[in-house]
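Engineer:
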Amino acid sequence: MGVKSTKSFARVRITRGLQSGPTRKEKQAFSNRAREECIVLLTFKLYQETLIN
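If you're matching positions, the sequence shown starts at -6 in the working numbering and goes up one per residue.
1. If I measure Cβ to Cβ from ALA22 and keep anything under 8 angstroms in the same chain, skipping five residues before and after, which residues do I get?
2. Just to confirm the assignment, what range does the alpha helix (DSSP H) spanning ASN25 have?
3. How many Å lie between THR43 and GLU30 at the Cα?
Structural data, given as C-alpha coordinates:
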(Lines of atoms letter the chains of each structure in order from A and count residues from 1; the text may use other names and numbers.)
(Lines give C-alpha, C1' and ligand atoms only; values in the text may rest on other atoms or scores of the structure.)
Protein backbone atom coordinates (compact mmCIF):
# COMPACT_ATOMS: atom_id res chain seq x y z
CA MET A 1 0.00 0.00 0.00
CA GLY A 2 2.73 2.43 0.98
CA VAL A 3 4.76 1.64 -2.13
CA LYS A 4 1.92 2.65 -4.43
CA SER A 5 1.60 6.10 -2.84
CA THR A 6 5.37 6.67 -2.93
CA LYS A 7 5.50 5.66 -6.60
CA SER A 8 2.82 8.17 -7.54
CA PHE A 9 4.61 10.71 -5.33
CA ALA A 10 7.85 10.02 -7.18
CA ARG A 11 6.15 10.41 -10.56
CA VAL A 12 4.63 13.75 -9.51
CA ARG A 13 7.98 14.95 -8.12
CA ILE A 14 9.85 13.98 -11.29
CA THR A 15 7.38 15.64 -13.67
CA ARG A 16 7.27 18.75 -11.49
CA GLY A 17 11.08 18.76 -11.36
CA LEU A 18 11.31 18.65 -15.14
CA GLN A 19 8.97 21.64 -15.50
CA SER A 20 10.73 23.82 -12.94
CA GLY A 21 14.26 22.70 -12.06
CA PRO A 22 14.37 21.56 -8.42
CA THR A 23 16.93 23.05 -6.08
CA ARG A 24 20.01 21.07 -5.08
CA LYS A 25 18.51 20.46 -1.64
CA GLU A 26 15.30 19.05 -3.16
CA LYS A 27 17.28 16.77 -5.48
CA GLN A 28 19.36 15.49 -2.58
CA ALA A 29 16.31 14.87 -0.39
CA PHE A 30 14.57 13.04 -3.23
CA SER A 31 17.57 10.80 -3.99
CA ASN A 32 17.97 10.02 -0.28
CA ARG A 33 14.30 9.06 -0.04
CA ALA A 34 14.53 6.88 -3.16
CA ARG A 35 17.66 5.15 -1.80
CA GLU A 36 15.94 4.42 1.53
CA GLU A 37 12.93 2.93 -0.27
CA CYS A 38 15.19 0.72 -2.39
CA ILE A 39 16.96 -0.56 0.74
CA VAL A 40 13.63 -1.30 2.43
CA LEU A 41 12.32 -3.16 -0.63
CA LEU A 42 15.54 -5.18 -0.98
CA THR A 43 15.59 -6.19 2.67
CA PHE A 44 11.93 -7.14 2.45
CA LYS A 45 12.59 -9.32 -0.61
CA LEU A 46 15.53 -11.00 1.11
CA TYR A 47 13.38 -11.58 4.19
CA GLN A 48 10.65 -13.21 2.05
CA GLU A 49 13.21 -15.45 0.34
CA THR A 50 14.62 -16.61 3.67
CA LEU A 51 11.09 -17.44 4.87
CA ILE A 52 10.39 -19.51 1.74
CA ASN A 53 13.73 -21.40 1.84
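Glycine residues also receive a C-beta, built at the ideal position from the N, C-alpha and C atoms. Only a predicted model underlies this, so the values are computations on that prediction, with no experimental measurement involved.
Structural biologist: In short, the structure shows the following:
1. none
2. 17 to 45
3. 20 angstroms
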